[in-house]
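Numbering (UniProt numbering), first residue to last: 1 to 1003.
Ideal Cβ placement from N, Cα and C applies to all residues, glycine included.
A short write-up of the structure that comes next.
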């Protein structure tokens, strides 16, 4: 029987392409070897020859001349330009959609909580990720199974249905949502701050903050709760943007002779500072997502070489990522219900630990997960060696659940970092950039995925001895008044409204994760792309999805409410899944299927086919990115941060947000992956489509309950104005106002400072997501070489990430209901611990997860060696559950870091940049995935080929995991410095007078 290999992670070649030899060839081989054992050796020799042939043939590129030979030679056709166009259009429509959703949906959920109620907001982000995890579990299991067994058209249909359901659920919650109102472009505000600070660079900065420009709302104005940010000492040069300048005309009539590009409010300046502070934070989380990208590719490849039998059911390779999702599914409730209460009693922080601490923990766990992944790979390869299966295409006698260790640890790391980033960016961002901040948090994933490809390429280039040994180769308006009126309304907001956000996130994430863990199979088996290109396409898609959260965050902070942003981007995602569904179902929109032939060449997708694919994919990426930026902020907006009770609920919101995310991920990597694998990709995409549709309906149903935020204009413009005004005001002058680009308010200045302070935090969480990328790739590959049978059921490789999801599923309620209350009593902090503390815990757990992953891999390889199965493709006699250790730890890390980031960015951001801050927290994933490829490439190049072999049993994956663990420790050290340097924002209650321009009054 032909077994999957690293060149065939999903067993695509099992359809008959494995052998082009005739019976005579087999007989001749048998004759050469003699009877009896000779027959076995002859078949083995023939199989090895075919494997080598496949390695060479599948590395060749397609050409038009080859296409002409299809009919005569039965060659595998490359996708035409039209076919490729369809593919790329569908893919990137999905990327666009998921990017927008990821930017808006977390912010929408966070908007349901009073910003002062850090406890509720923190819980929200936890359960937001929990719902994301559940969706992921379903995606990498059910949807992957559908795409594998029923066809990709069915799988895409499932994804489309999932999105339809997601839209349905978000619509159902429309009456309950506290909907934010767009406050103008935050980017424009940032730009104005920079311009005004530059133009005022010669003006001195007054020592008295009352001399800086600020605008308070009129008593008759609807904007009774206009957010005013207090001036901070960081980035004082930006304060020049709020320095008031006077001209002779001003002295005569007191009129304003300038424009908003000459003077900004302090709030705009501080909003820009917030963004600047956020950037290092998101950047430090990129590498973690690079590790995540590796886990989503190499671990899947590992899993296909392992025993994936589970209770008589063979786990599809793309379902292996269900393992970390299952750990997250378990860990998130534990974290939110157990750890957070306990930590809250100790630290007095509503969230148990601070956002940055949570992110940091995730980064540490990410490093540990990579280390463990290395050990597990070492173990898997040893099993192959011991069983003389190094070059065998049979599954190794080692369970795919060995990958669960690295996946579990990274799942914990992801739970800490992802939630920590989302919460951090939402909390820290101003009200006018909540969604944009949320989108920025997703950028860590985007850059992590992008970096992942670079890492792999560099590692390959530096370490490979020949091309055959490449890693992954084939061998204005009402401003803020309406929002705050809704915030004080007892009929709106609160946990009732957040429930719709949870459902929306869970369903949407189920669809997104389902395809994320199995698209390599679709690219390779259906679109005829090489495995290397397929892996790169996946990591680029994942990175773009999280990076596009910035677009959704910017839109809902500037122009639209978070609710409307989620609806729009969910629609993009629906369209993307629809395109993918149609292409998967209609064979004429895809390149011809490969058939048995001696040369084994396939026709690649045409331009049109590729266009459909890419448009569909990146519509999904755009949709999920926008939702990830807006939805957490929308949910957090339902809790009033100024209300002690709701502030506590806000912390829980983020926990349960992660919990819903986890549940969705669990279903995604199990049910949806199974559907995609066993029923077809068209059915799998159909499930995703239905899920997103019901998610949209769920979001809509809660509309009447939502507290809607009011867009406050572009936070980016405010940031720019602060910088410009600070540069243009080097000399102090307070006798006149010359415009927003000359003078900014203290709030604008502090808003900018917040951003500046946030940046190191998000940057320091990137590496954790790089580790996550590794668990999503290498650990899955490990799982395929192990015994995937659990009680007679063979676990699909793509469903392995369900392990950390299950841990998160358990940990999030424990954290929110047990740890947070206990920690709250001790620390007096509504969230139990501070956001940064929570993030830090996640980073630590991430490093531990990488360490454990290396140990598990060492164990797996030892099994291969002991049983002489180093070159065997048979499953190694080692259970897949061994991978549960690394997955469980990383799941805990993810619970801490992800919720910590989401809560941190939401709580710390100003009211005008909540969504943008949430989006920034997601950027850690993007950068992590992008960095993942870079790390792999560098490691391969420097190490001499640790990951260059086509056989995991002969690779040095355990060394790679331990290297990631060491780098995660270094990254944690950087994070500690960034977190120590960070100063939490201060809010002021404005003095309401009838003047248009007032001074800020200190409490």
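Check, Outcome
"Per-residue burial, residue 152 [other beta carbons within 10 Å of its own, 16 or more giving buried]", "buried"
"Check whether residue 432 and residue 239 have beta carbons under 8 Å apart", "no"
"Residues of its chain near residue 714, where Cβ-Cβ distance is below 6 Å and the 5 sequence neighbours each way are ignored", "184, 185, 186, 187, 188, 189 and 558"
"Residue span of the beta strand (DSSP E) that contains residue 340, given as start and end", "Per DSSP, residue 340 belongs to no beta strand (DSSP E); it is in the alpha helix (DSSP H), 340-347."
"Contained alpha helix (DSSP H) runs [length at least 4] in the segment 360-438, N- to C-terminal order", "404-428"
"Collapsed DSSP secondary structure at residue 834 in the structure displayed", "coil"
"Anticipated Cβ contact below 8 Å, residue 701 with residue 352, distance rounded", "Between residue 352 and residue 701 the Cβ distance is about 31 Å, and since that is not below 8 Å, they are no contact."
"Residues bridged to residue 796 (per DSSP)", "315"
"Whole-angstrom distance between residue 541 and residue 453, CA atom to CA atom", "11 Å"
"At least three beta-carbon pairs within less than 8 Å, the segment 633-648 to the segment 99-114", "yes"
"Three-state secondary structure (DSSP) of residue 201", "strand"
"8 Å Cβ cutoff met for residue 552 and residue 439", "yes"
"Coarse secondary structure for residue 484, derived from DSSP in three states", "Residue confidence for residue 484 is low, a pLDDT of 37 falling below 50, so the modelled location carries little weight; the figure read from the coordinates is stated next. Reduced to three states, the DSSP call for residue 484 is helix."
"First through last residue of the alpha helix (DSSP H) which encompasses residue 620", "607-636"
"Residue 786 versus residue 895 - alpha carbon distance", "27 Å"
"Helix, strand or coil at residue 593 according to DSSP, with G and I counted as helix", "coil"
"Per-residue burial, residue 254 [other beta carbons within 10 Å of its own, 16 or more giving buried]", "In this prediction, residue 254 scores a pLDDT of 38, lower than 50, which makes its location untrustworthy; the coordinate-derived value is nonetheless stated afterwards. Exposed, by the Cβ-count rule."
"Inter-residue CB distance, residue 812 and residue 295 (contact presumed, cutoff 8 Å)", "Their Cβ separation, rounded to whole angstroms, is 20 Å, which puts residue 812 and residue 295 out of contact at 8 Å."
"Span separating the alpha-carbon of residue 799 from that of residue 137", "7 Å"
"Classification of residue 980 by the beta-carbon crowding that lies within 10 angstroms, buried from 16 upward", "exposed"
"Within 8 Å, strictly: CB atoms of residue 626 and residue 695", "no"
"Residue range of the alpha helix (DSSP H) that includes residue 279", "279-283"
"Run of the alpha helix (DSSP H) containing residue 683, from where it starts to where it stops", "681-701"
"For residue 192, the three-state DSSP class (helix, strand or coil)", "helix"
"Where residue 874 sits in the DSSP three-state scheme", "coil"
"Residue 707: first and last residue of the uninterrupted beta strand (DSSP E) it sits in", "707-709"
"Proximity below 8 Å, CB of residue 943 to CB of residue 503", "no"
"Rounded Cβ spacing between residue 1004 and residue 754 (contact assumed at less than 8 Å)", "Residue coverage of the chain in this structure runs from 1 to 1003, which leaves residue 1004 outside it and unanswerable."
"Sequence-distant residues of the same chain with beta carbon closer than 6 Å to residue 519, five excluded per side", "538"
"Three-state secondary structure (DSSP) of residue 443", "helix"
"At least 3 beta-carbon pairs within less than 8 Å: the segment 367-376 vs the segment 343-359", "no"
"Boundaries of the alpha helix (DSSP H) in which residue 552 is found, first to last residue", "549-558"
"DSSP three-state assignment for residue 922, whether helix, strand or coil", "strand"
"Closest by C-alpha distance to residue 893, when choosing among 199, 655, 411 and 180", "411"
"Residue 602 - DSSP class collapsed to helix/strand/coil", "coil"
"Straight-line Cα distance separating residue 162 from residue 1008", "Only positions 1 to 1003 of the chain appear in the structure, and residue 1008 is not among them; the question remains open."
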